[in-house]
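What follows is one structure encoded as C-alpha cells, with my remarks underneath.
Number of protein chains: 4
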Amino acid sequence: MSSVSELDFVERVRASFGRQNAMALIQANLADVQQGLVEIHLPHWHGVEQQHGFVHGGVVGMIADSAAGYAAMTMTPDDASVLSVEFKLNLMAPADGEMLVARGKVVRPGRTLIVTQAEVFAVREGNETLCALMQQTIMVMHGKPER
Amino acid sequence: MSSVSELDFVERVRASFGRQNAMALIQANLADVQQGLVEIHLPHWHGVEQQHGFVHGGVVGMIADSAAGYAAMTMTPDDASVLSVEFKLNLMAPADGEMLVARGKVVRPGRTLIVTQAEVFAVREGNETLCALMQQTIMVMHGKPER
Amino acid sequence: MSSVSELDFVERVRASFGRQNAMALIQANLADVQQGLVEIHLPHWHGVEQQHGFVHGGVVGMIADSAAGYAAMTMTPDDASVLSVEFKLNLMAPADGEMLVARGKVVRPGRTLIVTQAEVFAVREGNETLCALMQQTIMVMHGKPER
Amino acid sequence: MSSVSELDFVERVRASFGRQNAMALIQANLADVQQGLVEIHLPHWHGVEQQHGFVHGGVVGMIADSAAGYAAMTMTPDDASVLSVEFKLNLMAPADGEMLVARGKVVRPGRTLIVTQAEVFAVREGNETLCALMQQTIMVMHGKPER
C-alpha cells in the first residue's frame, strides 16, 4: 500500500471522527489510526458515569462501536462510507479507571460486509484491565463517500 | 402486586435513572415505568449526532440498554441491583426524527438472569419508525441494593 | 399479493428446505410457510440431545436460524438467495418437551439486509414454554437464485 | 495447577462430550482439551450440509458453542456444571473444506459468568480459512456437578 493512500484513510477517518458530535460530547478522542486498527481514548469524567460511578455501559458501547467502525473504514475505497449494521457487546468488568481505551480491529474485510472486533480496557495507573468485548458487522456503501 | 411495592419499583428506577450522569449528558428522560416495561425518550439535538446528522448508533444503544435494564429492575426485589451482562443491537434505519423512543421489556425474568428486548423508534411528526432492535442479558445481584 | 407469487415463495422455501441435509439429519420439518413467517418443528429424540437429555443448544440454534432465514426468503424476489450473516441466540430455559417449535419472522425487510427474529418453544402436553430467543441478520444475494 | 486437577478437567470435559448425542449425530470429535482452550473437529460429510453443499450455519454454531462452552468448563471446579446463556455467531465465509476446526477459548473467567470466544476454520488441503467467529456467555452452576 502506498503512503499516499495511507494518508488518505487516516485523513478520511480523522475528518469523519471530527464530525461526530457524539464523540465530542463524551470527550472521546481518536488516539491511533492504522490500517485495520483504530484506537479511541475516553477520559473518565463525571458526565459519562452510570449510577455507581463507573463509565456507563452504553458509553463503553459507543467507543467500541466507533473504534471498530473506523477500523473498517481504513479498509474501504475513498468513495465508500461505512454503516454499523449491528454489534454485540459483553460487559465483563466495571469500566473503572482514569481512562478507557477502545481498540477496534478488522477480522474479515469483505466487499459489502466487514466483520470487526473491539476490546475496551480500563486503565488505572498504567495497568489495563479488559472490561468489554464487542463483535460487529459493518456494511460498506460503495459510491457514497463520507462527504 | 400491591400498589405499595409498585410505588417501590417506580421509585427505585427513577432514583437510579436520576443518578446516571450519562443519561443527563445525552438529555435522555425517563418517560414511563411499568412492571416489565420502561420507556426512555431522547430529543434529537446536535450533541448526540454522528457524522451524517443522525443520532449516533452508540447513543441509540445507550437508551436501548438503559430502557431494557430498567425494565428488568422492575422485576427484582428491593435489595437487589441489576447489571447489564451483554446486549446485541441491530441498527435498521437511520435514527432520524425529532425524538427517539426506546421501549424496553422483559422477555424472561429469572432469579439470576433476566432476558430483555428493546425497540427504538424515530418519531417524526407523530409517526414512529422502528430504527433499532436490541436483545440483552441482565444479571441480578441479590443482597446488593442500588444504594 | 397474488396467489401465484405466494405459491412461488412457498415453493421456493419448501424446495430449499428439502435440500438441507442437516435439517433431515436432526429430523426437523417445515410446518408452516407464510409471508414473513416460517415455522419449523423438531421432535425430541435421542440424537439431538446434549449431556443432560435436553435438546442441544446448538440444535435449538439450527432450527431458529433456519426458521428466521426462510422467513426472510419469503420476502425476496425469485432470482435472489439468502445468506445468514450472523445471529444471536439467548437460551432461556431447558429445551425440554416432546417437540420444539421454532417461529421465525421478519422484523425489517430491506433490499440488501433483512433483520429477523425467532422464538423457540418447548411443547409438553400441548403447553408451550419459550426456551430461546434469536435475533438475526440476513443478506439478500440478488441475481443468485437458490438453484 | 497440579497434574491431578488437570487430568480432572480433561476427564470431565471428555466424559461430558461423550454424553452429547448431538455431537455424535453430526460426527464431531473432541480433538484437544487444554486449560481455557478446547478444539472440536467436524469432517465435512453430506449429513451436515445446507442447500448449497456447505456445512449448515447452525452446525457451525453447534461446534463453536460446544468448543467454547467446554473451554469454560476447564476453568470451573469439579462440583460445577456450565450452561450456555447466549452466543452470537458471525458467518463470514462458506464453511467449505474437508473438515471444520472450532477453537474455543476463555476470554474472561468469572465465578458466575464466563465470557468465551470461538473461531471456526474450514480446512482444505491443510490450509485454514476463518469462516465463523463467535462470542458467548456461560453461566457456572456451582454445586451441580455434570453428573
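As you go down the protein sequences, you meet chains U, C, X and B in turn.
Sequential numbering from 1 applies to the first sequence in this note's numbering.
Sequential numbering from 1001 applies to the second sequence in this note's numbering.
Sequential numbering from 2001 applies to the third sequence in this note's numbering.
Sequential numbering from 3001 applies to the fourth sequence in this note's numbering.
By construction, the Cβ of each residue, glycine as well, lies at the ideal position given by its N, Cα and C atoms.
Boundaries of the beta strand (DSSP E) in which residue i is found, first to last residue
i	result
U:Ala-31	29-34
B:His-3041	3037-3043
Chain B contact for residue i (CB, 7 Å cutoff)
i	result
C:Glu-1049	no
C:Glu-1086	yes
U:Val-107	yes
X:Gly-2057	yes
C:Thr-1137	yes
X:Asp-2079	no
X:Leu-2042	no
X:Leu-2030	no
U:Met-92	yes
Cβ of residue i within 7 Å of any chain U Cβ
i	result
C:Met-1062	yes
X:Phe-2009	no
C:Asp-1096	no
Residue i, DSSP secondary structure in three states
i	result
B:Met-3075	coil
C:Ala-1095	coil
U:Glu-146	coil
C:Phe-1017	helix
X:Ser-2002	Since pLDDT at X:Ser-2002 reaches only 43, below the 50 mark, its modelled position is unreliable, and no value is offered.
B:Asp-3065	helix
Alpha helix (DSSP H) segment containing residue i, residue limits
i	result
X:Ala-2022	2021-2025
Per DSSP, cross-strand counterpart(s) of residue i
i	result
U:Thr-116	U:Val-106 and U:Gln-136
U:Arg-124	U:Asn-127
X:Lys-2088	X:Gln-2135 and B:Lys-3088
X:Val-2101	X:His-2041 and X:Phe-2121
X:Ser-2081	X:Met-2141
X:Glu-2011	Paired residues: none, contrary to the question.
U:Val-60	U:Val-60 pairs with nothing; no bridge assigned.
X:Arg-2055	Residue identity check: residue 2055 of chain X is Val in the sequence provided, not Arg. X:Val-2055 is bridged to X:Glu-2049.
Cutoff 7 Å: residue i Cβ touching any chain X Cβ
i	result
C:Leu-1089	no
B:His-3046	yes
C:Leu-1133	yes
C:Val-1101	no
C:Val-1115	yes
B:Leu-3037	no
7 Å Cβ cutoff, residue i in contact with chain C
i	result
U:Ala-22	yes
U:Arg-19	yes
U:Leu-130	no
Tell me, please, whether the segment 2009-2029 of chain X touches the segment 2066-2074 of chain X by the rule of three or more beta-carbon pairs shorter than 8 Å.
yes
Evaluate the contact criterion for the segment 1106-1123 of chain C versus the segment 118-135 of chain U: three or more CB pairs, one atom per stretch, below 8 Å.
no
With three or more C-beta pairs closer than 8 Å as the rule, is the segment 1040-1052 of chain C touching the segment 3091-3104 of chain B?
no
Are the segment 1030-1039 of chain C and the segment 25-34 of chain U touching by the rule of at least three beta carbon pairs closer than 8 Å?
no
Cβ contact check for the segment 3053-3069 of chain B and the segment 3099-3115 of chain B: 3 or more pairs under 8 Å:
yes
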